[in-house]
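A.B. asks: As they're listed, the protein sequences go chains H and X.
148 is the number that our numbering gives to position 148 of the first sequence; each next residue is one higher, with no gaps.
141 is the number that our numbering gives to position 141 of the second sequence; each next residue is one higher, with no gaps.
After the structure tokens below, expect a handful of questions from me.
Protein chains: 2
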Amino acid sequence: MRRQPTFGAGGDRGESIVAVSGLSKLKTLERKSTSDRISEELRQMIIEGQLRPGEQLAETRIAELLDVSRAPVREALQQLVQQKLLVSARNRGVSVAPFTASDIWEIYDARCAIESHAASRIIDGGPGVRARATDALQAARDRLRSALKQGDHRKISAADLDFHTTLVASAGNSRLDDAYSILSAQALACINRLEIAMPSGDELIDEHGLLIDALAAGEREVLLTAINDHLTVAASHLTAPPSSNGGPSRPR
Amino acid sequence: MRRQPTFGAGGDRGESIVAVSGLSKLKTLERKSTSDRISEELRQMIIEGQLRPGEQLAETRIAELLDVSRAPVREALQQLVQQKLLVSARNRGVSVAPFTASDIWEIYDARCAIESHAASRIIDGGPGVRARATDALQAARDRLRSALKQGDHRKISAADLDFHTTLVASAGNSRLDDAYSILSAQALACINRLEIAMPSGDELIDEHGLLIDALAAGEREVLLTAINDHLTVAASHLTAPPSSNGGPSRPR
DNA sequence: ATGCTGCCGACTGTCGACAATCGTCAGAGT
DNA sequence: ACTCTGACGATTGTCGACAGTCGGCAGCAT
């Protein structure tokens, strides 16, 4: 029925040439569509809190600013709407999504769903998977530690989420990764929007270390409880920000 | 918050006209964009297995078939790509996503993550939430039962997924709903693609009844185990279809 | 002063057209 | 016979333009 193209398993043609000469350093040069680049740019701005909730993003204006036509801009905006970072009002354009307290609880509850399951599956996966996950998480914790040293709020929260993303990725289920990336973007947007003072670095490191230890030891119940607590605490700090005075408020 | 129309209290001249005439029955007439309608149409076709995996969906062709321009078609296709029902190859258009065995395992594993968490949260929610969920699930089971009577494969699988969607929805977390809707669409596409004979109706009903009972009784561990088994069995039947002979194969 | 009606500007939704990119295939060269 | 090169056809990525829709405001009637 279907004609197999019979092309020799693409890419093996010039490989040897590339291999001997130093050409292998050629990185697959930026092959992204305009809309993807716009989408990533805007996504980053939203995540970092540079755009205020409710702010209008008119296609025309963005297109003019970037000196492109409206088509790719429109495409980029639509992507972000599907990621729930923008909200769309019919015939009235898109605006930056505002997050209410209940949104934050939803986000963290959903994160809990995915992280818990991922953790559970990693433990099920046996010692090999567990070891690999532990290594990756320790590396992520190191990145978090160095971000803490720099003291940049945004880098810290990004590194924090990166730790959790690493946990989910270690389960090896791309569907979970996709779902989690949407949630982590929303969570980051929430965190960076209300400029909460980060907790003492040690506390953050220790708490993540707890997760690593529980995972390494294969203590399922301990791990699941730790994840749940970790996220619950984080969400409650985000939703109860009025105490902007002393209490070491801590996002996650 | 919401403006009550203030009709009543003697104002019987002007407002009463609206009140007495049947205008209140005017339902907010179909206000969907072209791209949304196209998207839903295609989504349904993919879910029902009318489009073969790998089949090319050229923008031009679809636009001509529907007698619209390429813009809304393109938008619709992009939506479906984000839902993982279509795959996009750069400059070569989109085609219907094929699902491998590992995809199926991923989908069912991810479903397990969300359903389990939803079930857990429903139990946490107390007797009120639990009762409402039980009612909704019983209604969903009834719908499944009537679909079984009709014997239409697609209606049965749709009703089956509807049951699980109801379970997730009962947790009251829209983020979980969104994530689950993507997974359920993929699962349905998998099921309807390989035309597997449905299991005996009684078996299907009983198994879902088990879930309802465990939920109503608040037996968390039983419920979680049941969900896990339920999905594991379903996935294994989908990924081991070669026995198209006798064994009552059963998708889910 | 209050409420309704019709215009106005701004923006999106949609359209047709052009240009860039990719896979294919014939053909030259070895 | 095999490999590489170049052109071809098809399809997407992008563009500028037009029409439809929405919120806001002025103007009129009450």
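The beta-carbon is built from N, C-alpha and C at its ideal position, and this holds for glycine as well.
Using three-state DSSP, classify residue 223 of chain X as helix, strand or coil.
C.D. replies: Of the three classes helix, strand and coil, the one that applies to residue 223 of chain X here is helix, per DSSP.
A.B. asks: Could you say if the stretch 127-141 of chain H and the stretch 142-157 of chain X meet the contact criterion of at least three C-beta pairs nearer than 8 Å?
C.D. replies: Flag = no, the stretch 127-141 of chain H and the stretch 142-157 of chain X do not touch.
A.B. asks: Residue 234 of chain H and residue 108 of chain H: beta carbons closer than 8 Å?
C.D. replies: Contact: yes.
A.B. asks: Given residue 229 of chain X, which residues of its chain have a CB within under 8 Å of its CB, disregarding the five upstream and five downstream residues?
C.D. replies: Excluding positions up to five away in sequence, the list is empty.
A.B. asks: Just the Cα atoms here: how many angstroms apart are residue 238 of chain H and residue 117 of chain X?
C.D. replies: Between residue 238 of chain H and residue 117 of chain X, the C-alpha separation is close to 22 Å.
A.B. asks: Is residue 87 of chain X helix, strand or coil when you go by DSSP?
C.D. replies: Residue 87 of chain X: strand per DSSP, three-state reduction.
A.B. asks: Could you pull the start and end residues of the alpha helix (DSSP H) that residue 73 of chain X belongs to?
C.D. replies: Unbroken alpha helix (DSSP H) run through residue 73 of chain X: 70-82.
A.B. asks: I believe residue 90 of chain H touches residue 31 of chain X by the beta-carbon criterion, under 8 Å. Please report the beta-carbon distance rounded to the nearest angstrom.
C.D. replies: Confirmed, about 7 Å.
A.B. asks: So what does DSSP say about residue 9 of chain X, is it helix, strand or coil?
C.D. replies: Unreliable positioning characterises residue 9 of chain X in this predicted model, as indicated by a pLDDT of 34, which lies under 50. A coordinate reading is not provided.
A.B. asks: Please list, in chain order, the residues of the stretch 204-235 of chain H that have any C-beta partner in chain X closer than 8 Å.
C.D. replies: Listed by position, the residues of the stretch 204-235 of chain H near chain X (Cβ gap below 8 Å) amount to none.
A.B. asks: Is residue 57 of chain H helix, strand or coil by DSSP?
C.D. replies: Of the three classes helix, strand and coil, the one that applies to residue 57 of chain H here is strand, per DSSP.
A.B. asks: If we cut at 8 Å on Cβ distances, does residue 183 of chain H have a partner in chain X?
C.D. replies: Residue 183 of chain H counts as touching chain X.
A.B. asks: Closest to residue 120 of chain X by C-alpha separation, out of X/236, X/231, X/97, X/224, would be which residue?
C.D. replies: Comparing Cα-Cα distances from residue 120 of chain X to each of X/236, X/231, X/97, X/224, the minimum goes to X/224.
A.B. asks: Please list the terminal residues of the continuous beta strand (DSSP E) segment that includes residue 95 of chain H.
C.D. replies: Per DSSP, residue 95 of chain H belongs to the beta strand (DSSP E) from 94-96.
A.B. asks: Flag this pair as yes or no: are the beta carbons of residue 189 of chain H and residue 85 of chain H separated by less than 8 Å?
C.D. replies: Contact flag set, yes.
A.B. asks: Any beta carbon of chain H sitting closer than 8 Å to that of residue 200 of chain X?
C.D. replies: No, residue 200 of chain X does not count as interfacial toward chain H.
A.B. asks: Let me see if you follow: with CB-CB separation under 8 Å, is residue 112 of chain H close to chain X or not?
C.D. replies: Judged by the 8 Å Cβ criterion, residue 112 of chain H is in contact with chain X.
A.B. asks: Mind pulling the alpha helix (DSSP H) runs of 4 or more residues that sit fully within the stretch 137-216 of chain X?
C.D. replies: Runs of the alpha helix (DSSP H) inside the stretch 137-216 of chain X: 153-169, 174-193.
A.B. asks: Within this structure, are the beta carbons of residue 55 of chain H and residue 88 of chain H separated by less than 8 Å?
C.D. replies: No; because the gap between Cβ atoms is not below 8 Å, this pair is not in contact.
A.B. asks: Check for me: the alpha helix (DSSP H) holding residue 31 of chain H runs from which residue to which?
C.D. replies: Taken as a continuous stretch (DSSP letters only), residue 31 of chain H belongs to no alpha helix (DSSP H), as it is neither H nor E.
A.B. asks: Can you find at least 3 beta carbon pairs, one from the stretch 192-207 of chain H and one from the stretch 43-55 of chain H, that sit closer than 8 Å?
C.D. replies: Touching, yes, given that three or more Cβ pairs across the two stretches are closer than 8 Å.
A.B. asks: Residue 232 of chain X to residue 104 of chain X, Cα distance in whole Å?
C.D. replies: Spanning the two alpha carbons is a distance of roughly 11 Å.
A.B. asks: Helix, strand or coil: how does DSSP classify residue 231 of chain X here?
C.D. replies: Of the three classes helix, strand and coil, the one that applies to residue 231 of chain X here is helix, per DSSP.
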